[in-house]
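Numbering (the UniProt record's numbering), first residue to last: 1 to 286. What follows is one structure encoded as structure tokens, with my remarks underneath.
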């Protein structure tokens, strides 16, 4: 059998590329907010990624039970809500700060479902990191309204991410995999159509805008998910947790390079605390 070229690349390198691709997509999205609006960009990311995945996977060929479809649909609606909240957040907050705070969702889920000192240490580190990042945000040059809206949106995204993990496990247990993701993203995007259908004429009449939205969808959803699956097959859960800890720093680097969002000392300490919490989180038993 032919060997997948990615199998020859070290798993940490694949994961770093995945993270860079994901947050480059987010940085491109930030540049589109003035043209379309943050929630609209978030919805188009989900809708276009769903279209790519449905065409690729053709999930209608699978025999679906009502229960399986229900779990996949719920998973997709939460995924869509998480992305909409995240895009609203990064319109008001630095990318690295938003990503770090959003990670409190999976950290709390891992800690609450785990036992022992690692769970308690993860919660403590995450709490210190979030307090530092939130404090810096409220005391920064951002307007009070921007800070409050941004923090509210990113905490909502974190809560959705925690729920997304729990629902994702249900979808994984029935063996739906990427097919379940395709169905879920399609359902999630359709649920929010009434709120964003008004942007369709503007997007379809502007070829450059549509192309950039496709770039955002592919970079932020399709490629990272595919690469993550490659890494998950090759490393144990504990190693994957450590690799996840690289993502807040990766987002901060992308934000600094592409958006000129340079973190201060307190932000760096907060990012390190959240990264430590991610690394300490009890490994997920899939």
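Note that beta-carbon positions come from the ideal geometry of N, C-alpha and C, so glycine has one too.
Residue i at chain D interface by Cβ criterion, 8 Å
{"i": "residue 179", "result": "Protein chain content of the structure displayed is limited to a single chain, and chain D is not contained in it."}
Exposure of residue i, with buried meaning 16 or more beta-carbon neighbours within 10 Å
{"i": "residue 75", "result": "buried"}
{"i": "residue 1", "result": "Residue placement at residue 1 is poorly supported in this model, since its pLDDT is 44, which falls under 50; the coordinates are not used for a value here."}
{"i": "residue 137", "result": "buried"}
{"i": "residue 200", "result": "exposed"}
{"i": "residue 60", "result": "exposed"}
{"i": "residue 255", "result": "buried"}
{"i": "residue 13", "result": "exposed"}
{"i": "residue 18", "result": "buried"}
{"i": "residue 263", "result": "buried"}
{"i": "residue 40", "result": "buried"}
{"i": "residue 145", "result": "exposed"}
{"i": "residue 205", "result": "exposed"}
{"i": "residue 275", "result": "buried"}
{"i": "residue 270", "result": "buried"}
{"i": "residue 208", "result": "exposed"}
Spatially closest choice to residue i from the options, by CA coordinates
{"i": "residue 192", "options": "79, 113 and 150", "result": "79"}
{"i": "residue 35", "options": "165, 212 and 236", "result": "212"}
{"i": "residue 45", "options": "109, 196 and 236", "result": "196"}
{"i": "residue 93", "options": "198, 135, 182 and 161", "result": "135"}
{"i": "residue 67", "options": "236, 167 and 128", "result": "167"}
{"i": "residue 273", "options": "104, 230 and 169", "result": "104"}
{"i": "residue 186", "options": "81, 19, 20 and 109", "result": "81"}
{"i": "residue 250", "options": "204, 27, 10 and 226", "result": "27"}
{"i": "residue 281", "options": "147, 31, 108 and 32", "result": "108"}
{"i": "residue 258", "options": "143, 31, 221 and 239", "result": "31"}
{"i": "residue 265", "options": "178, 132, 231 and 246", "result": "132"}
{"i": "residue 299", "options": "16, 128, 206 and 207", "result": "In the structure as shown, the chain starts at 1 and stops at 286, and residue 299 therefore has no counterpart that could be examined."}
{"i": "residue 71", "options": "267, 163, 130 and 83", "result": "163"}
Sub-8 Å separation of residue i and residue j beta-carbons
{"i": "residue 139", "j": "residue 261", "result": "no"}
{"i": "residue 184", "j": "residue 73", "result": "yes"}
{"i": "residue 224", "j": "residue 99", "result": "no"}
{"i": "residue 85", "j": "residue 157", "result": "yes"}
{"i": "residue 69", "j": "residue 181", "result": "no"}
{"i": "residue 25", "j": "residue 219", "result": "yes"}
{"i": "residue 50", "j": "residue 216", "result": "no"}
{"i": "residue 57", "j": "residue 231", "result": "no"}
{"i": "residue 234", "j": "residue 11", "result": "yes"}
Sequence-distant residues of its chain with Cβ nearer than 7 Å to residue i (five each side left out)
{"i": "residue 64", "result": "none"}
{"i": "residue 253", "result": "none"}
{"i": "residue 244", "result": "278"}
{"i": "residue 21", "result": "219, 223 and 224"}
Residues of its chain near residue i, where Cβ-Cβ distance is below 6 Å and the 5 sequence neighbours each way are ignored
{"i": "residue 38", "result": "87, 88 and 91"}
{"i": "residue 150", "result": "89, 92 and 93"}
{"i": "residue 62", "result": "179"}
Whole-number beta carbon distance between residue j and residue i, since they are thought to touch under 8 Å
{"i": "residue 119", "j": "residue 111", "result": "4 Å"}
{"i": "residue 102", "j": "residue 161", "result": "6 Å"}
{"i": "residue 165", "j": "residue 106", "result": "6 Å"}
Same chain only: Cβ atoms within 8 Å of residue i, ignoring 5 sequence neighbours per side
{"i": "residue 77", "result": "184, 187, 188 and 191"}
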